[in-house]
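Only one structure is covered here, and it is reproduced in the block below.
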Ligand code: ADP
Ligand code: MG
């Protein structure tokens with residue numbers, strides 16, 4: 003048994019660094035927060051090599067006094083709180099006094115600063131925890147900090163650093179979060195000497211547009227609600243929903259946070275207007291008495307704890323619900339659908355009035371995935387496979403006499419409500435959920451093809467390009483082998499544009515851009531290794547969902563029969579990918595009972 007020893011200070015800081023600055027973007031976030039706490043009017047960020055080689059943050063805030071410079075790097079040394087009381091109502095972003103100590107333990111840091119009282123600036127260097135003397139330096143008022151060669155002395159940590167493009171994408175996200183929170187401050191960002199962002203001090207609305215794109219700002223509604231606390235910002239309309247959570251920004255007193263309670267309240271507010279697989283886009287700002295929220299519960303302070311959780315949940319839900327219902331009055335869901343097709347694609351089938359109001363039509367979902375006008379014949383073809391018996395298109399349903407001829411799921415009679423296929427077999431009536439059944443068939447086909455390494459790829463005549471965020475572009479570049487394995491060819495056209503050049507042949511009719519986005523989301527969230535192993539079924543579901551026939555597609559009798567025949571030869575087709583049944587049977591005997599006919 004080894005003896006118990008106190009760890010050396012440097013090792014303690016290196017351990018802390020693993021939590022607080024797990025990648026360059028996290029170090030950038032800490033430096034940006036330090037700058038914000040110094041009340042600047044301008045912050046400049048220069049990155050080299052995604053932040054791995056250099057992160058430089060320059061601000062014109064109040065600076066650090068000469069004698070305090072060495073303490074800036076001391077563990078648990080802070081100018082921001084002095085007592086437990088202060089902690090309970092902390093209004094600054096920092097308060098633990100450990101970021102600079104952690105960063106200096108795993109990088110070469112140069113700090114120069116000048117307070118308004120100083121005649122010139124002073125500088126100090128810290129490297130692997132060792133400090134130099136304080137020396138005079140040249141700098142206008144404020145602070146400049148250079149962090150070079152992150153993790154130079156911690157190779158295990160360096161192994162987790164990804165490509166330059168991925169690290170830059172994360173760093174840019176950290177920058178965007180801070181820029182969103184403080185529209186009153188001007189920001190610039192350069193990467194490898196090239197300008198990436200220039201933000202003047204502006205209104206919140208203008209800042210949101212500048213950071214998240216005018217497209218988002220135009221498709222969003224303003225939220226401004228107060229009741230002791232205040233919620234402001236923009237909530238994206240359902241039609242602007244996303245397949246990933248990457249356009250969700252929630253700030254508590256200027257701090258970007260991810261909170262389950264808040265997410266839940268927002269999701270509830272969107273529940274009736276958004277399909278469950280889509281994610282709303284929003285930039286929302288909560289102002290709340292600092293004493294009512296505990297920000298000291300997470301290493302990177304990205305999670306918080308609210309004192310009156312229930313009341314807060316209600317407040318957020320109602321504020322958003324109110325804002326969202328204002329939009330519903332102006333445009334019916336059906337009109338929102340129609341409006342979404344102005345991109346040139348047409349729905350394959352006319353949108354029929356919804357006869358059953360208990361069936362929720364997720365219009366945000368459909369709006370993002372319009373069927374192409376030409377999809378119908380191709381869909382028809384995918385259902386027919388040589389050797390599978392299919393009734394003639396205008397087949398009169400067989401009678402119960404031809405026992406040996408009758409397939410288990412029988413022959414189609416009609417389509418009900420744009421959703422169900424009604425068929426007749428030897429025993430009676432068969433009702434099939436056509437989307438669920440088709441999704442299952444496609445799912446099993448892709449799965450078999452993947453297992454047998456026979457997944458056919460279909461090159462697109464015209465590659466489909468789409469705007470993507472940098473993380474998606476980086477994920478596409480990093481995961482080429484996996485993407486090829488699952489039948490995709492996705493190439494970067496620019497740091498923010500991707501092009502789909504090939505898709506799995508079974509998915510040739512799906513919306514290629516939307517399909518690629520969803521697949522990249524899975525690859526990004528779970529990593530290349532896991533998407534093909536433990537997350538494989540989820541990936542297959544994502545893919546299958548895009549190929550499957552959507553509700554309200556009008557199917558001919560022949561198409562319906564083809565689907566029934568496919569179901570009969572597809573393993574596990576009795577359930578959809580989500581475990582719900584795809585069909586059930588009502589026998590004539592059951593019907594007789596219902597009508598109290600004694601036969
Ligand atoms: P914390 O932010 O939790 O106090 P840090 O380790 O991040 O801890 O910073 C230590 C101290 O260094 C801060 O309390 C602050 O006094 C000073 N400091 C760091 N960066 C700046 C800056 N850009 N401007 C002014 N002071 C700074
Ligand atoms: Mg700090």
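In my numbering, the protein residues as written are 3 to 601.
Even glycine gets a Cβ: it sits at the ideal position worked out from N, Cα and C.
Distance cut-off 8 angstroms: residue 602 Cβ against heavy atoms of the ligand MG: No statement about residue 602 is possible, as the shown extent of the chain runs from 3 to 601 and does not include it.
Buried or exposed: residue 546, going by 16 or more other Cβ atoms within 10 Å of its Cβ? buried
Which residue from 323, 463, 428 puts its Cα closest to that of residue 226? 323
Considering only heavy atoms of the ligand ADP, does any lie closer than 8 angstroms to the CB of residue 21? no
Through-space distance from residue 491 to residue 173, alpha-carbon basis: 27 angstroms
Residues bridged to residue 50 by DSSP? The beta-bridge partner set that DSSP reports for residue 50 consists of 56.
So does residue 66 have its beta carbon nearer than 8 angstroms to some heavy atom of the ligand ADP? yes
Less than 9 angstroms between the C-beta atoms of residue 178 and residue 213, yes or no? yes
Considering just the uninterrupted stretch of the alpha helix (DSSP H) at residue 419, what are its terminal residues? Careful: residue 419 lies outside any alpha helix (DSSP H) and carries neither H nor E.
How far does the alpha helix (DSSP H) with residue 31 in it extend, from its first residue to its last? 26-39
Quick test of the definition: if touching needs 3 or more C-beta pairs under 8 angstroms, does the stretch 427-434 touch the stretch 464-482? no
Tell me which residues share the same chain as residue 562 and place their Cβ nearer than 6 angstroms to its Cβ, disregarding the 5 neighbours each side in the sequence. Excluding sequence neighbours, residue 562 sits near 414, 423.
In the DSSP assignment, what are the bridge partners of residue 287? 234, 253
Assuming residue 508 contacts residue 481 under a Cβ cut-off of 8 angstroms, what Cβ separation, rounded to an integer in Å, is found between them? Going by Cβ atoms, the distance from residue 508 to residue 481 rounds to 21 angstroms, so no, they are not a contact pair.
With distance defined between alpha-carbon atoms, name the residue in 192, 54, 124, 61 nearest to residue 149. Closest option to residue 149, Cα to Cα, is 54.
Here's the rule: buried if 16 or more other CB atoms are within 10 angstroms of the residue's CB, otherwise exposed. What is residue 10? Residue 10 is classed as exposed because its beta carbon has fewer than 16 other beta carbons within 10 Å across all chains shown.
Taking the Cβ atom as the reference point for each residue, do residue 613 and residue 137 lie within a distance shorter than 9 angstroms? There is simply no residue 613 to check, as the chain begins at 3 and stops at 601 in what is shown.
Output the distance between the C-alpha atoms of residue 425 and residue 418, rounded to the nearest integer angstrom. 11 angstroms
In terms of residue numbering, what span does the beta strand (DSSP E) encompassing residue 468 cover? 459-469
Any idea what DSSP makes of residue 592, helix, strand or coil? helix
Who's in the neighbourhood of the ligand MG, going by beta-carbon under 5 angstroms from any heavy atom, listed in chain order? Qualifying residues, in the order they occur: 36, 96, 101.
Any chance the CB of residue 40 is under 8 angstroms from a heavy atom of the ligand ADP? It does: the Cβ of residue 40 is within 8 angstroms (strictly closer) of some heavy atom of the ligand ADP.
Tell me whether residue 150 counts as near the ligand ADP, meaning its Cβ is closer than 8 angstroms to at least one heavy atom of that ligand. no
What do you reckon, are the CB atoms on residue 429 and residue 591 nearer than 9 angstroms? Annotated as proximal: residue 429 and residue 591, with beta-carbon spacing under 9 angstroms.
If you measure between the beta carbons of residue 475 and residue 456, is that distance less than 9 angstroms? no
Suppose only complete runs of 4+ residues qualify. What are the alpha helix (DSSP H) ranges in the stretch 453-536, listed by chain order? Within the stretch 453-536, the runs of alpha helix (DSSP H) at least 4 residues long that lie entirely inside it are, in chain order, 472-480, 482-487, 514-533.
Other residues of its chain near residue 445: CB distance less than 7 angstroms, five sequence neighbours each side excluded: 542, 543, 546, 579
Would you mind working out which of 205, 95, 295, 170 sits nearest residue 236, comparing C-alpha positions? 205
Taking 8 angstroms as the limit between beta carbons, can you name the residues of its chain near residue 34, skipping five residues before and five after? 45, 47, 59, 176, 177, 180
Within the stretch 112-193, ranges of the beta strand (DSSP E) (whole runs, at least 3 residues): 123-129, 137-139, 144-150, 188-193
Buried or exposed, going by whether 16 or more other CB atoms sit within 10 Å of the CB of residue 407? exposed
Cutoff 6 angstroms; reference residue 116; Cβ partners in own chain excluding five residues on either side: 65, 123, 141, 143
Going straight from the alpha carbon of residue 582 to that of residue 95, what length do you get? 47 angstroms
Closest by C-alpha distance to residue 167, when choosing among 442, 587, 597, 26: When each option's Cα is compared against that of residue 167, the closest is 26.
Cβ-Cβ distance between residue 297 and residue 92 below 9 angstroms: Result yes, Cβ atoms of residue 297 and residue 92 sit closer than 9 angstroms.
According to DSSP, is residue 200 helix, strand or coil? Taken through DSSP and simplified to helix, strand or coil, residue 200 comes out as strand.
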